[in-house]
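In full-length UniProt numbering, the protein residues as written are 1 to 170.
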């Protein structure tokens, strides 16, 4: 059976800005990946090591100085999620915000089951707000007040980045 694949090319810092356009090894890998229907992610282990020691603002500034939108590790994670048909949804509480990984196409009850099987078994509805709406409104209460919070039933297919609050009864 064919397994989903992507390639990661470890390049020097100088090759990051142009996506290693002049790196003959990366170009050969891109051709191989194209023939196989795969994706190539450009990453610099050296840069990633440096990024890991910086705070968020410094890391963003460093990436911008290299001509990059995001780090290679983030790109690699995004590509592998895509290849494996995975996505993320969030739960937000007073004490904890958590990301949950599910398969693309999961319904709200299936997503609830990732947290606990009782959530899936006793699923009533999911209070749902899109990630962008949550951020632009400034939180769950404000999203509710703005009419962005929706009550979704058992047939709802969870979208990437949804923020869900499950109602259930067991």
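Backbone N, C-alpha and C fix where the C-beta goes; we use that ideal spot for every residue, glycine too.
Cβ-based burial, residue 55 [other Cβ within 10 Å; buried from 16]: Against the chain shown, residue 55 aligns to sequence position 55. It counts as exposed.
Euclidean distance between Cα positions of residue 153 and residue 162: Taking the first residue of the chain shown as 1, we reach residue 153 at position 153. Taking the first residue of the chain shown as 1, we reach residue 162 at position 162. As the crow flies, the alpha-carbon of residue 153 is around 14 Å from that of residue 162.
Test item: CB-CB of residue 39 and residue 45 under 8 Å: The sequence position of residue 39 within the chain shown is 39, counting from 1. The sequence position of residue 45 within the chain shown is 45, counting from 1. No; because the gap between Cβ atoms is not below 8 Å, this pair is not in contact.
Same chain, Cβ closer than 8 Å to residue 17, five either side skipped, listed in chain order: Taking the chain shown and counting its residues from 1, the one referred to as residue 17 is at position 17. The residues 66, 67 and 68, in chain order, have a CB closer than 8 Å to that of residue 17 in the same chain once the five nearest residues on each side in sequence are set aside.
Start-to-end residues for the beta strand (DSSP E) that takes in residue 97: On the chain shown, residue 97 is found 97 positions in, with the first residue counted as 1. Segment 97-103, the beta strand (DSSP E) holding residue 97.
Backbone CA spacing between residue 15 and residue 4 [nearest angstrom]: Numbered from its first residue, the chain shown carries residue 15 at position 15. Numbered from its first residue, the chain shown carries residue 4 at position 4. Those two C-alpha atoms are separated by around 26 Å.
For residue 125, the residue or residues it bridges with in DSSP: The count along the chain shown starts at 1 and reaches residue 125 at position 125. DSSP links residue 125 through a beta bridge to 167.
Same chain only: Cβ atoms within 8 Å of residue 36, ignoring 5 sequence neighbours per side: For the purposes of this step, residue 36 is taken as the residue at position 36 of the chain shown. Excluding the 5 residues flanking it on each side, residue 36 has same chain C-beta neighbours closer than 8 Å at 5, in chain order.
Beta-carbon proximity of residue 76 to residue 103, cut-off 8 Å: Counting from one through the chain shown, the residue named residue 76 turns up at place 76. Counting from one through the chain shown, the residue named residue 103 turns up at place 103. One thing to note: residue 76 has its Cβ no nearer than 8 Å to the Cβ of residue 103.
C-alpha distance - residue 116 paired with residue 151, whole-angstrom precision: What you label residue 116 is simply residue 116 of the chain shown in a count that begins at 1. What you label residue 151 is simply residue 151 of the chain shown in a count that begins at 1. Residue 116 and residue 151 have their alpha carbons spaced roughly 20 Å apart.
Same chain only: Cβ atoms within 8 Å of residue 90, ignoring 5 sequence neighbours per side: Residue 90 sits at position 90 when you count from the first residue of the chain shown. Leaving aside the five residues that flank residue 90 on each side, the residues in its chain whose CB is nearer than 8 Å to its CB run, in chain order, 97, 98, 99, 100, 131, 161, 162, 163 and 164.
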